[in-house]
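Student: Protein sequence lines, in the order shown, are assigned to chains A and B.
If you count the first sequence from 1, position 116 lands on 1019 in the numbering used here, and the numbers rise without skipping.
If you count the second sequence from 1, position 281 lands on 297 in the numbering used here, and the numbers rise without skipping.
One structure is given below, represented as C-alpha cells, and several questions about it will come after.
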Amino acid sequence: MLTDAEIEVLTLSAQVAALAVAVSIVPGVLFGWLLARWKSPLRVPLQGALMLPLVLPPVVTGYLLLAAFGRRGPLGEAWNAVTGGHISYTTGACVIAAAVVGFPLMVEGIRLSMTAVDGRLEQVSRSLGRGRAATFVRVTLPLSLPGIVSGAVLSFARALGEFGATIVLAGNIEGETRTIPVAVYTLMNVPGTDAAVWRLVGISVVLSMLALLGAIWLGARSAKRLHP
Amino acid sequence: MMLEARICHSLRGFTLDVKLESHGPVLGVFGPSGCGKTTLLHCIAGLIKPREARIDVRTRTVCNRPGGTWVAPERRKCALVTQEPLLFPHISVRGNLAYAPGARDELESDGGWKIVEVLRLKPLLERKPGGLSGGEKQRVALGRALLSKPELLLLDEPTSSLDAELARDVLSLLLRVKHDLKVPMVFVTHKAPELLALADDCAVLEQGQVVAHGAPVEVLRKPRAIGVANLVGVDNLLRLRVVRHDEPGGVTVLDLGGVELAAPLCDIEPTRHASIGIYADEIMLCLEKPAGLSARNALACTVTQVDEVGSEVLVRVRAGTNELLARITPAAAAELGLAKDARAVAVIKTSACHLLG
C-alpha cells in the first residue's frame, strides 16, 4: 500500500530520528542531571543555552549549524581533516539537525524527572557506602527512567518533524537527506501531486501520533513500575 | 571513644557550634526541632562539609577542616536512618537490604540472618517498599543500615513518623540492636522516654549549641534549658523576679508575687528574671505548715481547682500571684479533704526548683 519512494522516505526519517536520539541520550542525561543537581549560578545561563533551539527559528538554528559544520566551518574543516569527507548535505547532517532541535525536549524531560528524585535517597545511598557514581547508576538513573524515556520519545517525535534546520544544513537530496517534511515540501512545489502530498501528510500525522502515544504509554508504564 | 566532634558550621543564618565527646555505646542527642540535631548527624555522616570541624569516629579521623582530612560519606561507615524510612522504591525489600557494598553476602551470613530475624524481615523480603506499612518500612531501613556493617549507626528521629504503638516496637528493636548486635549509635530524638530507654550518654542541643551533657537521667531531671523542660513535660514553668541571693544559705530568693520562693543559688542579678521549672510530683501539699522542715519553701496557698485524672489527682493552687500544679494520689486528696477554696501549704524543696536560665 505504500510506494517504494514513500517507504524510502519513511525509513530515512525513522533512521535519522532514531540516530538523533541515540547520539543525544547520553549528553541529555548528563545535562539533565547537571541542571537538576548543580548548585551554581551558572546553571541558569546553561539552561537558557540548552533550551535555545526550542525557541529559535529552526532556519536560524540550521544557519548556525551550517556555520559550524559546513565546509568552511571550524567543525566541518576539522572533520574533513580527519576523515577527508564532509558533513553538510549528508544523512549525518540530518541527524545533527534533528538531534540539536530535539535536544531541549530531551533535557527538559530528564531534568524534571531528576529534580523529582528525592535527594535524601541519594544521601542515604552515600551513607550506606555507595559513592557518587554508584549512587547515580543505582538510584538517580532508575528513578528518573520515566522522564528519560518520555524525553527520548518526545525528541524522537520532534526529530521526525524537523524541517527548517535540516533543509539549511542537509539540503534536499533524494534517498540521503529527503525526510518526510522535506519530501512534503518538495511535492507541494510540483503541480498535480496533491494526492501524493496527502498520503505523506497522513503518514506524518500517524507516525507522530504513534510516537506521542508511545511516549505517554512508556512514561506511565515505567512510572507504574517504580510506584506500584 | 565512640565519637569526638568539634563542629562549627553556619547555614542560612543558623549556626551549629558544638563540642561533643562520647564513649557510647549509645549517644542520645535531645532537643526541640530546629535545634540542629539533623545538621549534626549530617556533619558526622559527611553529607555536609562543615566550615570548621574535627570529627573522630571511633579510632578514625573522618573530618579535619579547614585544610585537613576529609573522608567521603561512602567511606565513613556511618549509616543513616532517617525519620522517614527513605527506602529505594524501585527495588524489592531484599534489594534494599543488599544495597550496601558487601551487604548481599552479609545477608546470606549468620550475622545477616540474625539481623533479619531480630527485625522480623523474612516475610517482607520479596515485597516492594511501596506496599509496606510505616513500621515495616522503618524496620527495613534499620536492617539496610545494619547490613552495611556500620561503625556507627546514625538515627535521626527514627520513631517520630510512626504512631505510638509502632514507635514502641521500633524502640524495642533498637534496644535489641544495642544489646544483641552491639552496634554503637548516635540517636536523635525529642522524646524523653526513648532517651531514657536507649541512651547511655546524652547531649542536649538548643539553637545549635550543646546546653547539657551527661547521663540521660541527670540531664532530664535537671532540665537546664526551657526548650528541654517543655519537651520533657515540666509541669510548672515560671518566670520570676530575683529578689536576692543568700550565698551562705545556698539559695536565691525569687518573687512568686508577694510570696518568696527559695531556689538553688544562681548568678542572675537581683531584679532580673529567672525561669524555673518544677515537676508537679515534687510539690507536697499539707493542711498546715509543718514544723522543723528541711524544705526551704512552705508556701501558704489556696486551692483553685481539683481534677481527678485516672489514678492521680491534679491540684491547682494559687501562691502569691502564681498558680502551681501539684500531683498527688486520690488517697491523699481524700484524707486532706482538698476542694476548691481550701487553704493549704505547698512544700517545695529548693532543689526541686530547676533553674532553666
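Ideal Cβ placement from N, Cα and C applies to all residues, glycine included.
So, at 6 angstroms on beta carbons, what are the nonlocal neighbours of residue 1008(A) in its own chain, with the 5 sequence-adjacent residues on each side left out?
Tutor: Correct list, in chain order: 1057, 1058 and 1061.
Student: Below 7 angstroms between beta carbons is the criterion; list the residues of the stretch 109-120 of chain B that meet it against any residue of chain A, in chain order.
Tutor: Cβ contacts with chain A: 115, 116 and 117.
Student: Taking a cut of 9 angstroms between CB atoms, which residues from the stretch 73-100 of chain B lie near chain A?
Tutor: From the stretch 73-100 of chain B, only 88, 89, 90, 91, 92, 93, 94, 95, 96, 97, 98 and 100 have a Cβ closer than 9 angstroms to chain A.
Student: If you measure between the beta carbons of residue 365(B) and residue 290(B), is that distance less than 9 angstroms?
Tutor: No, Cβ-Cβ distance for residue 365(B) and residue 290(B) is not below 9 angstroms.
Student: How many whole angstroms separate the CB atoms of residue 96(B) and residue 57(B), which I take to be in contact at a CB cut-off of 8 angstroms?
Tutor: So it is a contact: roughly 7 angstroms between Cβ atoms.
Student: Name, please, each residue of chain A whose Cβ falls closer than 9 angstroms to the Cβ of residue 164(B).
Tutor: Per Cβ cutoff of 9 angstroms: 1030, 1031 and 1032.
Student: Exposed or buried, what is residue 370(B) when buried is set at 16 or more other beta-carbons lying within 10 Å of its beta-carbon?
Tutor: By the neighbour-count rule (16 or more Cβ atoms within 10 Å), residue 370(B) is buried.
Student: Which residues in the same chain as residue 1047(A) place their Cβ atom closer than 6 angstroms to its Cβ, once the five residues preceding and following it in sequence are excluded?
Tutor: Here the set comprises 1016, 1017 and 1020.
Student: Who are the near neighbours of residue 144(B) in its chain, counting only those whose CB is closer than 7 angstroms to its CB and skipping five residues on each side?
Tutor: Correct list, in chain order: 108.
Student: Please decide whether residue 105(B) counts as near chain A, where near means a Cβ-Cβ distance under 9 angstroms.
Tutor: It does: the Cβ of residue 105(B) has a partner Cβ on chain A nearer than 9 angstroms.
Student: Would residue 160(B) pass as an interface residue toward chain A - the criterion being a Cβ-Cβ separation below 9 angstroms?
Tutor: Output row for residue 160(B): interface = yes.
Student: Under 9 angstroms Cβ-Cβ, which residues of chain B neighbour residue 1046(A)?
Tutor: Chain B residues near residue 1046(A): 104, 105 and 106.
Student: With which residues is residue 328(B) paired in a DSSP beta bridge?
Tutor: 325(B), per the DSSP bridge assignment.
Student: Hey, out of 1108(A), 939(A), 1091(A) and 1102(A), whose CA is closest to residue 1063(A)'s CA?
Tutor: Taking only the C-alpha atoms, the option nearest residue 1063(A) is 1108(A).
Student: Kindly give me the distance between the Cβ atoms of residue 1022(A) and residue 90(B), rounded to whole angstroms, as I take these residues to be in contact under 8 angstroms.
Tutor: In fact, because the Cβ distance is near 16 angstroms, the residues do not count as touching under 8 angstroms.
Student: Taking the straight line between their C-alpha atoms, what separation do you get for residue 1070(A) and residue 1085(A)?
Tutor: Roughly 7 angstroms separates the two Cα atoms.
Student: For the structure I just gave you, are there three or more beta carbon pairs, one from the stretch 1111-1121 of chain A and one from the stretch 148-161 of chain B, closer than 8 angstroms?
Tutor: Verdict: no, contact absent.
Student: Ordered along the chain, which non-local residues of its own chain (more than five positions away) have a Cβ less than 8 angstroms from that of residue 322(B)?
Tutor: So the list reads 329, 330, 331, 332, 349, 354, 355 and 356, once near-sequence residues are dropped.
Student: With DSSP run on the structure shown, which of helix, strand or coil describes residue 950(A)?
Tutor: Three-state DSSP puts residue 950(A) in a helix.
Student: Looking only at its own chain, which residues have a Cβ that is under 7 angstroms from the Cβ of residue 232(B), when we skip the five neighbours before and after it?
Tutor: Hits under 7 angstroms: 44, 211, 212, 215 and 218.
Student: What does residue 63(B) reach in chain A if we use C-beta pairs closer than 8 angstroms?
Tutor: Neighbours of residue 63(B) on chain A, chain order: 1026, 1029 and 1030.
Student: Exposed or buried, what is residue 30(B) when buried is set at 16 or more other beta-carbons lying within 10 Å of its beta-carbon?
Tutor: Under this definition residue 30(B) is an exposed residue.
Student: Of all the CB atoms in chain A, is at least one closer than 9 angstroms to the CB of residue 58(B)?
Tutor: Yes, contact with chain A.
Student: Check whether chain A comes within 9 angstroms of residue 170(B), counting only Cβ atoms and requiring the distance to be less than that.
Tutor: At least one chain A Cβ lies under 9 angstroms of residue 170(B).
Student: Please list the partners that residue 1042(A) has in chain B, where partner means a Cβ-to-Cβ separation under 7 angstroms.
Tutor: 104, listed in chain order.
Student: Which residue comes first and which comes last in the alpha helix (DSSP H) that contains residue 134(B)?
Tutor: Element bounds for residue 134(B): 126-134.
Student: If you compare alpha carbons, which of 167(B), 260(B) and 132(B) is closest to residue 75(B)?
Tutor: For the residues 167(B), 260(B) and 132(B), the minimum Cα distance to residue 75(B) belongs to 167(B).
Student: Can you confirm whether residue 36(B), when its beta carbon is compared against all beta carbons of chain E, has any partner nearer than 9 angstroms?
Tutor: Among the protein chains of the structure shown, namely A and B, there is no chain E.
Student: Are the stretch 33-52 of chain B and the stretch 199-210 of chain B touching by the rule of at least three beta carbon pairs closer than 8 angstroms?
Tutor: Yes, the stretch 33-52 of chain B touches the stretch 199-210 of chain B.
Student: Are the C-beta atoms of residue 1037(A) and some chain B residue less than 9 angstroms apart?
Tutor: Residue 1037(A) counts as touching chain B.
Student: State the start and end residues of the unbroken beta strand (DSSP E) segment that holds residue 280(B).
Tutor: Segment 276-280, the beta strand (DSSP E) holding residue 280(B).
Student: Under the three-state reduction of DSSP, which class applies to residue 231(B): helix, strand or coil?
Tutor: It is coil, neither helix nor strand.
Student: From 969(A), 914(A) and 906(A), pick the residue whose C-alpha is nearest to that of residue 1078(A); which is it?
Tutor: Ranking 969(A), 914(A) and 906(A) by Cα distance to residue 1078(A) puts 914(A) first.
Student: At the 9 angstroms Cβ level, is residue 1023(A) part of the contact set with chain B, yes or no?
Tutor: Chain B, which has a Cβ nearer than 9 angstroms to the Cβ of residue 1023(A), makes this yes.
Student: How do the stretch 973-987 of chain A and the stretch 904-911 of chain A stand: do at least 3 beta-carbon pairs fall below 8 angstroms, yes or no?
Tutor: Cβ pair count under 8 angstroms is below three, so no.
Student: How should residue 131(B) be labelled, buried or exposed, when 16 other C-beta atoms within 10 angstroms of its C-beta is the threshold for buried?
Tutor: Buried.
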